[in-house]
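Residue numbers (our numbering), protein chains in the order written: chain F, 306 to 615; chain P, 2 to 140; chain S, 6 to 522; chain D, 3 to 91. Here a beta-carbon is modelled for each residue, glycine too, at the ideal position from N, C-alpha and C. Taking it in order: structure first as structure tokens, then the write-up.
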């Protein structure tokens, strides 16, 4: 609401920027001699206010909208007041919480201790976080993949067009920087992404970060070389099928482990040797699945935004 | 009471950021800024969680040389929660961006207030025609 | 562990899996998969209900190999399985009843995506009902929000995008507040599962530490879920969101999505938050107050609105006010009444949306009272359905609405005296207001009109303007199959059954609620 | 170290405020990118490399790219509309 005013010239930051570049002197006109009885500041502020009011008048023109305007103002005031209240509440709360970095804080309890102490033998993952999200609390993580999935469905629903037309206006231009840089960078980015995914259980990273890195690699490739070339290996059908395959594998693998866990059955999945690439039971496969889903989703977001199709 | 106020910088900053983000989401008429406000709001909560997980003098939750003693590593739970949360927030903001594009195509403005006013004018113009499929027919 | 005990987990995974495979299926196949899946979920939930009701106990189900404070878990009792069965049944009937409009409003290539969202919505509702873990609840709240947004904007008109944006903004603020409340809760207890968190909170309350944080957590979690379910001061997104989306989406959104959040809130109140303490009692009073105000303001807004669909949406605000009033009464009877009203309102609202659409269709798409005159004669099933729904909303004996109003009134007697007086007054005023706008509508749709005028209305022409030639085609287009009627008849029968055999359901709710803790 | 922490946090708050007061949307998006990168650095200091790498890839990478693409798309829609208007004239 506060930013409806397009009168940017008079705003503080604009003046600050102009002052930096030497176009504007805030002291100008302040130190000159004034004729007695002339108000120097008044008209400016009043004029500005009038301007704002006039603008509001033009938006809320008819008589019927008068109520609406009062309601909008009331809404703004109430929201700001609530915001201040919330800030104070949260700050008071924070001031009562344990000190930053305290080892005896309530959250460092038996739950976290077991994840650390037993994690290696129970999950086989060297990265405790990966072991936690993909084994101890796997249901959350499956839900999270579903969030990505449903968001990509929604985006597709919104932006899908019957005939995806490549925007001629924004086709890649041949530049001296973009194509050569992309030719060198894209393989490096994608290989780094694959490295991050495959080492998700050994070092920092995992399916989500690696998948996002690969996705940005695809996006860079598309920006440099256009949809025709990208479409050769990333067609809509391919993306759909591979996403469904990865998510189904994830679904089945986790269902198996939930089912055996809840019914106290013996599971065939073993942690393996810690530190090896093919260790940590299902974690490495799940990381690969999540990576595929995330990379495809990120690229499909981009493609849907650009031309209304995958 | 104010004892920890001056040591918990991260938490204090995250509270301030949360309110800034929320106010942006509520009061900015511009949709793109609303989305950025949303991302800032989510990020601030994650900063809070990450700060809660930190323990002074301990290392990242990755086993070094097979040492599995709990006094060596920080709390891994907040990291896991934040990892999940980051992905949730990116998908929500992608959805909001798609909605923004469609709204712009429909009303050619990014200002939500202006869109509301346009809608109201549309309604006033065809007050007599309260029909379910009216808008579709015109397209 | 017997096979039946696995069924809740199967329900959740099945609905997620059908969403995943629907991504590569065509719209028609996705529809079949969705209907079959919802039916299967309903049947399985009935088995679970029978099992839990017979054994009279609740059990926890580990999601993985690790017990309570370490791994995720879900918890199943009679109340949860009853809710799951009711939700899946309402969803099935709403989709069947609105299937014609799904075909008409949504393009062929988008229908598959629409059914994916319905599948995931059901999965997230089931997970919200069953989960015993706070962070899982957060993740599934987000799925529910996104899927609901997808349902709202399935119709491709500008109007619904605006309502979707408003819905998303309010919902995201709600989830943000919920998330920060959750983080604070984690900071002072170090637990994410509900039962251990409760024990930890109890310990903290005994030592007298962290009084302010506890109150703030309670406020944040309650307000977050209140915003998402459309509690009175935060209800502004409701009429837009429900009023312009396709019929099934409106029915499902108003009858299920907001109820999922309410159920989660009740679970949090009973299982986690220290609502028995002094700040908890104040929080209850606030919920009670907002509920009562919402009951009256929602009805007044509904009276003012000319558009029938928006009128029904405003009535949702009032009905959600009833539920919060029941929670705010602060005793078990109030919570029982609120839970019963969750089911009965779910049924009534779906019926009203479906029947209203039936009436609109036979009036050439007109939404105002003038256009709907005599619509009850043109579409008899929809007219009868709308009448039953309206009578139930008003509180006619032998219908579900009467039972829930009676339960609210009797729950108020065991509350403090001032709450009792306020609750009874509010119930009386709200019933009168309900009667004003619903009976007005029923009278309008049964006002006889002359044959010529009726045919004009049917073709969608303005009563005072010449008949346009092309409107004849439009009337032909609005012919539809028998499926719509199946939905309306099914839900009407359920409302009558719930009104006459209410004792069984009330027993299940009472026993289940006692085990909820 | 403590000074660095405070400086970074102050930077975050300044970024968040200046997002809402910047005139150009492109500037807001770039500021948001800086915000994400600083957030990643803070998480690195807080001993959470997993979060840092994810925020670097997702927040500063994908979300910002999507925001840029959104702006670009909006501009292309605008030019499309103005071209149509010109043709009509």
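Item	Value
Cβ closer than 8 Å: which chain P residues qualify as neighbours of residue 459 of chain F?	96 and 99
When burial is assigned at 16 or more other CB atoms within 10 Å of the CB, is residue 384 of chain S buried or exposed?	buried
So is residue 81 of chain S in contact with chain P if we call contact Cβ pairs under 8 Å?	no
Less than 8 Å between the beta carbons of residue 267 of chain S and residue 328 of chain S, yes or no?	yes
What distance in whole Å lies between the Cβ atoms of residue 60 of chain P and residue 76 of chain P, which are believed to be in contact at a cut-off of 8 Å?	About 12 Å; that fails the 8 Å criterion.
Does any CB atom of chain P fall closer than 8 Å to the CB of residue 420 of chain F?	yes
Does residue 415 of chain F have its Cβ less than 8 Å from a Cβ in chain S?	yes
Report the residues of the segment 438-464 of chain F with a CB closer than 8 Å to any CB of chain S, ordered along the chain.	440, 441, 442, 443, 444, 445, 447, 448, 449, 451, 452, 454, 455, 456, 458, 459, 461, 462 and 463
Restricting to Cα atoms, I'd like to know which of F:572, F:538 and F:449 is closest to residue 132 of chain S.	F:449
Which residue wins for smallest C-alpha separation from residue 389 of chain S, given the options S:498, S:151 and S:435?	S:498
Please classify residue 158 of chain S: does DSSP put it in a helix, a strand, or coil?	coil
Please report whether the beta-carbon of residue 92 of chain P lies at a distance below 8 Å from any beta-carbon of chain F.	yes
For residue 445 of chain S, count the other beta carbons within 10 Å of its own beta carbon; 16 or more makes it buried, fewer makes it exposed. Which is it?	exposed
For the alpha helix (DSSP H) that residue 427 of chain F lies in, which residues bound it at each end?	415-428
Count the CB pairs spanning the segment 24-38 of chain P and the segment 156-176 of chain S that are closer than 8 Å, and state whether there are at least three.	yes
Any beta-carbon of chain P closer than 8 Å to the one on residue 128 of chain S?	no
With residue 6 of chain S as the anchor, note down where its alpha helix (DSSP H) starts and where it stops.	It is not in any alpha helix (DSSP H) - residue 6 of chain S carries neither H nor E in the DSSP assignment.
At a CB distance below 8 Å, what residues from the segment 589-600 of chain F approach chain D? Give them in sequence order.	none
Quick one: is residue 346 of chain S buried, meaning 16 or more other Cβ sit within 10 Å of its Cβ, or exposed?	buried
From the beta carbon of residue 21 of chain D, is the nearest beta carbon of chain F less than 8 Å away?	no
In this structure, does DSSP put residue 382 of chain S in helix, strand or coil?	helix
Classify residue 482 of chain S as buried or exposed, calling it buried when 16 or more other Cβ atoms lie within 10 Å of its own Cβ.	Low local confidence applies: a pLDDT of 45 at residue 482 of chain S is under 50, so the model's placement there is unreliable, with the coordinate-based value given in what follows. Residue 482 of chain S should be labelled exposed.
Pop quiz: residue 402 of chain F and residue 12 of chain P are said to be a contact at Cβ under 8 Å. What is the actual Cβ separation, rounded to whole angstroms?	7 Å
Mind listing which residues of the segment 51-62 of chain D have their C-beta closer than 9 Å to chain F's C-betas, in chain order?	51, 52, 53, 54, 55, 56, 57, 58, 59 and 60
Looking only at C-alpha atoms, which of S:82, S:58, S:97 and S:69 sits nearest to residue 2 of chain S?	Because chain S spans 6 through 522 in this model, residue 2 of chain S falls outside it and cannot be assessed.
Using C-beta distances below 7 Å, list every residue in its chain close to residue 407 of chain S, excluding the 5 sequence neighbours before and after it, in chain order.	400, 401 and 504
Check the Cβ-Cβ distances between residue 524 of chain F and every residue of chain P, and say whether any is below 8 Å.	no
Taking the alpha carbon of residue 396 of chain S as the reference point, which residue from S:424, S:356 and S:141 has its own alpha carbon closest?	S:356
Quick one: which chain P residues come within Cβ less than 8 Å of residue 81 of chain D?	Going along chain P, no residue has its Cβ under 8 Å from residue 81 of chain D, so there is no contact; the nearest lies around 12 Å.
How many whole angstroms separate the CB atoms of residue 112 of chain P and residue 463 of chain F, which I take to be in contact at a CB cut-off of 8 Å?	About 20 Å separates the two Cβ atoms, so there is no contact after all.
With 16 as the cutoff for other CB atoms within 10 Å, does residue 33 of chain D come out buried or exposed?	buried
Along chain P, in chain order, which residues have C-beta atoms closer than 9 Å to that of residue 78 of chain D?	Result: empty, since nearest Cβ-Cβ is about 10 Å, beyond 9 Å.
At the level of alpha carbons, what is the spacing between residue 443 of chain F and residue 381 of chain S?	53 Å
With a threshold of 7 Å on Cβ separation, who are the neighbours of residue 514 of chain F within its own chain once the five nearest residues in sequence on each side are excluded?	501
So, does the CB of residue 154 of chain S fall closer than 8 Å to a CB anywhere in chain F?	yes
Using a 10 Å radius around the Cβ and a threshold of 16 neighbouring Cβ atoms, would you call residue 85 of chain S buried or exposed?	buried
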